[in-house]
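Participant:
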Amino acid sequence: MLEQAHYDVCALDHHMPGRDGLEVLPEILSREGAPPVVYVTGAQDSRIAVAALRAGASDYVIKEASDDFTHLLMRAVREAMERRRLALETERAQIEIMRERDRAETLLREVNHRVGNSLQLVTSFIHLQRRQVTDDIAQDALAKVQARIEAVSQVHRRLYTSDDVSGVSLDGYLQGLVEELQSSMSVEGGPALKLAADPVWVSTDQAVAVGVIVAELVTNAVKYAYPEGQGGDVRVIVKQDDDHQVLLCVEDDGAGIAGNIPKGTGLGSQIMDAMATDLGSRLGFESLNPGTRAKLVFRNEPVRKSHHGL
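Numbered per the working numbering, the sequence shown spans residues -12 to 297.
(1) Would you check if there are 3 or more beta carbon pairs closer than 8 Å linking the segment 154 to 164 to the segment 113 to 126?
(2) Let me know if serine 17 comes out buried or exposed under the rule of 16 or more other beta-carbons within 10 Å of its beta-carbon.
(3) Could you have a look at alanine 212 and say whether DSSP puts it in helix, strand or coil?
(4) Just to confirm before moving on: does the CB-CB distance between leucine 40 and valine 24 stay below 8 Å?
(5) Which value, in whole angstroms, describes the spacing of the CA atoms of glutamate 69 and histidine 1?
(6) Would you report the Cα separation of valine 139 and glycine 198, rounded to the nearest angstrom?
(7) Within 8 Å, do at least three Cβ pairs link the segment 259 to 273 to the segment 193 to 213?
(8) Name the two residues that bound the continuous alpha helix (DSSP H) containing aspartate 239.
(9) Leaving out five residues on either side along the sequence, give the residues of the same chain with a beta carbon under 8 Å from the beta carbon of glycine 20.
(10) Given a threshold of 16 other Cβ atoms within 10 Å of its Cβ, counted over all protein chains shown, does proline 214 qualify as buried or as exposed?
(11) Distance, Cα to Cα, threonine 77 vs lysine 226?
(12) Under DSSP, the alpha helix (DSSP H) around isoleucine 258 begins and ends at which residues?
(13) Please report the distance separating the alpha-carbon of valine 48 from that of glutamate 14.
(14) If you scan the segment 118 to 185 from start to end, which runs of the alpha helix (DSSP H) of 4 or more residues do you find wholly inside it?
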């Protein structure tokens, strides 16, 4: 009968010729679109009821030769049908939510694509302007603006090429940012940028804050750490411990700093302080003799990658 037609509910007796209901119940429930099952028996053994419910029965009714049995059975049938209706509505709602989430993430990925392209266009304009400017102060200011925009642009590029828009792989993001900074600030015989980063997954807001700080520190180190024309390393280091504390360092082997205060404009320091505050941290500087290290520690609340489908 189940193979030939659809039924809203099935009342299954325990004692039947050849097999009991506990043997038949799994066969019913294994069918695609199986109806809810109300288990019925005249036995007073509570173990049968427990076994039936554990096996997937929707409800359990004691069979008696009275009007109460009919009333209880019909109530169990109605409740089983109502639970099935609610379960199907919930399932349909969840499917629709996942579809809407997929559509929203697709739109967000497209927005990130367009924002990333627009920011890349802006950095290209700034690069062209730098080539036309001869004043050193203006050159330096434009280079820093270009680095700051590139830090944000890299995040959007990572988001629109990722299957997950909830966060960014910090090591991969910084690799792209460091390469862009090296290309835009390369001077023959000048400092070389190096990255050593643990695989860390962070939120997009954290990635932007870290990227802007790294861009500021790297541009300062390239400009001030070594005498003009002298080579050296500028290292970007990211480590995360088991307690989700992330250590970010930018260090060099150059001339060092006086009073643990880096050179540069006050605007750069204000920007870095603001980004560090967003990370719930503070940026510190120390002398390495030779060289300088800038570092901050922030807590990375784990962002789980979302894998979902229909």
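Virtual Cβ for every residue (Gly too), placed ideally from N, Cα, C.
Facilitator: This is what the structure gives:
(1) With a cut-off of 8 Å, the segment 113 to 126 and the segment 154 to 164 do not count as touching, because too few Cβ pairs lie within range.
(2) For this step, residue 17 is matched to residue 30 along the sequence shown. Serine 17 comes out exposed.
(3) Mapped onto the sequence shown, residue 212 falls at position 225. The DSSP-derived three-state label of alanine 212 is coil.
(4) Numbered from its first residue, the sequence shown carries residue 40 at position 53. Numbered from its first residue, the sequence shown carries residue 24 at position 37. No, Cβ-Cβ distance for leucine 40 and valine 24 is not below 8 Å.
(5) The count along the sequence shown starts at 1 and reaches residue 69 at position 82. The count along the sequence shown starts at 1 and reaches residue 1 at position 14. C-alpha separation (whole angstroms): 23 Å.
(6) If you number the sequence shown from 1, residue 139 lands on position 152. If you number the sequence shown from 1, residue 198 lands on position 211. Straight-line Cα distance between these residues: approximately 7 Å.
(7) Contact holds: three or more Cβ-Cβ distances are below 8 Å.
(8) One-based indexing of the sequence shown puts residue 239 at position 252. Note, aspartate 239: premise wrong, no alpha helix (DSSP H); beta strand (DSSP E) at 232 to 239.
(9) On the sequence shown, position 33 is the one that residue 20 refers to. Within the same chain, and ignoring the five residues on either side of glycine 20 in sequence, the residues whose Cβ sits closer than 8 Å to its Cβ are His(-7).
(10) Taking the first residue of the sequence shown as 1, we reach residue 214 at position 227. With fewer than 16 other beta carbons inside 10 angstroms of its own, proline 214 counts as exposed.
(11) Residue numbering aside, residue 77 sits at position 90 when the sequence shown is read from its first letter. Residue numbering aside, residue 226 sits at position 239 when the sequence shown is read from its first letter. Approximately 43 Å between the Cα atoms of the pair.
(12) Position 271 of the sequence shown holds residue 258. Start and end: 253 to 265.
(13) Locating residue 48 in the sequence shown gives position 61, counting from the first residue. Locating residue 14 in the sequence shown gives position 27, counting from the first residue. Here the C-alpha atom of valine 48 lies approximately 20 Å from the C-alpha atom of glutamate 14.
(14) Runs found: 123 to 147, 157 to 172.
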